[in-house]
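Peer 1:
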Amino acid sequence: MTAAFIRPDIAALRESPIREVARLGMGQDGVIPDVIPLWFGEPDQPTPDFINQAASRALAAGHTFYTLNRGIPELREALADYMTGLHGVAIAPERVSVTASAMNAIAVLMQSLVGPGDNAVLVVPLWPNIEGTVRIMEAEPRAVPLQEESGAWRLDLERLFAAIDARTRLILINSPNNPTGWLMEREQQRAVLDFCRQRGIWLIADEVYDRIVFDRPVAPSLLEIADPDDPVIRINSFSKSWAMTGWRLGWITAPESFAPVIEKMNEFNIASAATMAQHAGIVALAEGEAFIAETVARYGRARDLVYQRLGAMPRVQLVRPEAAFYAFFGVDGMPDSLAFAKEVLAECGVGLAPGCAFGPTGEGHLRLCFAASLERLSEAMDRLETKLS
Ligand SMILES: Cc1ncc(COP(=O)(O)O)c(C=O)c1O
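Going by this note's numbering, the first residue of the sequence shown is number 142, and it counts up by one from there.
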């Protein structure tokens with residue numbers, strides 16, 4: 142073991158409890174046979190072939206070199222057109238920067254916006270990696286919890302605004318939300334936007350699940366109400382909507398004046414996103430609508446099955462998810478979600494994510510990713526029945 146120095150705060154970063162459970166259910170060759178893995182958040186299908194073909198064509202055409210730091214102009218233009226069409230507001234390509242995934246976008250933003258003594262206000266429960274990026278910058282992640290009230294998740298704006306002080310640099314809101322499936326409605330978006338305008342605080346909108354929404358065509362986006370120069374940065378990704386988690390491709394939409402920051406920070410982090418992936422991204426945007434519609438319909442059926450079956454189990458409380466592909470449910474008499482998720486894995490052969498991974502308010506809950514076939518999900522429900530009764 143080497144004795145060389147590692148920053149103590151980096152050494153102290155905790156592995157995600159989701160990984161801790163998953164490691165128990167995985168052998169050298171992947172998931173142990175007979176375990177139904179519903180712990181991670183990713184589509185169950187491989188990337189559709191028309192996107193793979195586009196990457197092959199890009200390789201054959203010699204697109205194997207670095208690109209401009211903020212991505213190839215054709216992709217930035219395609220993204221601007223795509224968002225303009227989807228959201229009904231003009232988005233200029235100058236506002237768009239390509240990143241190597243939403244995770245990379247979040248890390249680059251935290252590097253650019255927070256430092257020691259600053260704080261970032263995060264609405265939780267929240268995907269745990271985001272808090273990690275704040276800690277890495279030696280800034281304070283300040284959690285403001287959603288509340289579970291009469292069958293719905295709600296954000297208390299007074300509580301959110303009370304968490305802001307002179308060292309708050311940003312508010313980050315993930316809607317549609319991982320893990321709860323909560324959607325932030327327009328009225329609240331307007332209120333938070335006004336607050337951020339007045340206080341000169343960044344509002345970061347993580348909208349990576351914007352297309353995975355049920356009972357309405359698209360999730361309300363902050364892009365639809367923000368002016369181009371508002372302090373709003375919107376993050377998105379190819380991972381979830383186009384089943385491209387392994388490609389590591391995402392994008393940021395920000396005021397044009399912010400573009401030089403991303404330009405510089407991309408240079409020092411990744412230079413540019415993978416070139417063949419960027420070319421494939423153009424085709425995903427142009428030809429992906431049928432794939433998205435069919436996948437979301439499938440996830441919708443999965444959501445209904447899980448909501449009915451899990452919701453009927455005596456120890457479970459479950460809010461019907463409005464979007465994304467997760468059921469985040471409370472379990473009566475479960476003081477330690479990590480220990481319980483390990484028991485569920487050992488006794489039922491079902492891999493779930495412990496709620497404690499999603500911030501302090503996540504304890505008492507488990508997350509199940511329902512991006513899986515109805516057969517696998519039915520089998521998982523049969524297996525969970527006794528444990529959750
Ligand atoms: C809320 C949220 N933001 C960002 C990401 C990261 O997506 P990407 O695959 O583009 O890094 C995830 C992935 O699970 C997520 O749940």
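For each residue, glycine too, the CB sits at the ideal point set by N, CA and C.
#1: So which residues touch the region around ligand 1, with touch meaning a C-beta under 6 Å from any heavy atom?
#2: Please name the residue, chosen from 273, 145, 179, that lies closest to residue 517 on a Cα-to-Cα basis.
#3: Given residue 233, which residues of its chain have a CB within under 8 Å of its CB, disregarding the five upstream and five downstream residues?
#4: Just checking, does the segment 266 to 273 make contact with the segment 430 to 445 on the three C-beta pairs under 8 Å criterion?
#5: Just to check my reading of the structure: residue 419 and residue 239 have Cβ atoms closer than 8 Å, yes? What is that Cβ distance to the nearest angstrom?
#6: Tell me which residue opens and which closes the beta strand (DSSP E) that residue 279 is part of.
#7: State the start and end residues of the unbroken alpha helix (DSSP H) segment that holds residue 471.
#8: Sort 376, 322, 353 by Cα distance to residue 313 and report the nearest one.
#9: Return the chain-ordered list of same chain residues with a C-beta closer than 6 Å to the C-beta of residue 316, the five sequence neighbours on each side being excluded.
#10: What runs of the beta strand (DSSP E), each 3 residues or longer, lie entirely inside the segment 294 to 341?
#11: Could you check how far apart the C-beta atoms of residue 253 and residue 391 are, in whole angstroms? I think they sit under 8 Å.
#12: Looking at residue 510: is its Cβ nearer than 8 Å to the Cβ of residue 181?
#13: What residue does the alpha helix (DSSP H) around residue 420 start on, and which one ends it?
#14: Could you tell me the alpha carbon to alpha carbon distance between residue 202 and residue 480, rounded to whole angstroms?
#15: Check residue 286 in the structure and name its three-state DSSP category.
#16: So if DSSP puts residue 394 in a beta bridge, which residue, or which two residues, is it bridged to?
#17: Any chance the segment 280 to 291 sits against the segment 256 to 263, with 3 or more Cβ pairs inside 8 Å?
#18: Could you check the C-alpha separation between residue 327 and residue 298 for me, to the nearest Å?
#19: Can residue 394 and residue 224 be called in contact, C-beta distance under 8 Å?
#20: What is the residue span of the beta strand (DSSP E) that residue 175 lies within?
#21: If I'm right that residue 494 touches residue 486 with Cβ under 8 Å, what's the distance once you round it to whole angstroms?
#22: Near residue 423, which residues of its chain fall below 7 Å by C-beta distance, leaving aside the five closest residues on each side in sequence?
#23: Look up residue 261 in the DSSP assignment and say whether it is helix, strand or coil.
#24: How many Å lie between residue 206 and residue 414 at the Cα?
#25: Let's see if you can read the secondary structure: which residues bound the beta strand (DSSP E) around residue 510?
#26: Using only CA atoms, which one of 455, 199, 197, 350 lies nearest to residue 512?
#27: When the Cα atoms are used, what is the spatial distance from residue 85 to residue 236?
Peer 2: Looking at the atomic coordinates:
#1: 182, 242, 243, 244, 268, 315, 319, 347, 349, 378, 380, 386, 391
#2: 179
#3: 221, 369, 397
#4: no
#5: 6 Å
#6: Element bounds for residue 279: n/a, residue is neither H nor E.
#7: Segment 467 to 472 is the beta strand (DSSP E) holding residue 471; no alpha helix (DSSP H) there.
#8: 376
#9: 324, 325
#10: 309 to 315
#11: That pair is no contact at about 16 Å.
#12: yes
#13: 416 to 428
#14: 51 Å
#15: strand
#16: 237, 375
#17: yes
#18: 13 Å
#19: yes
#20: Neither: residue 175 is in no beta strand (DSSP E) and is coded neither H nor E.
#21: Residue 494 to residue 486, Cβ: 11 Å. No contact.
#22: 215, 216, 219
#23: strand
#24: 11 Å
#25: 506 to 510
#26: 350
#27: In the structure as shown, the chain begins at 142 and stops at 530. Residue 85 is therefore absent and cannot be evaluated.
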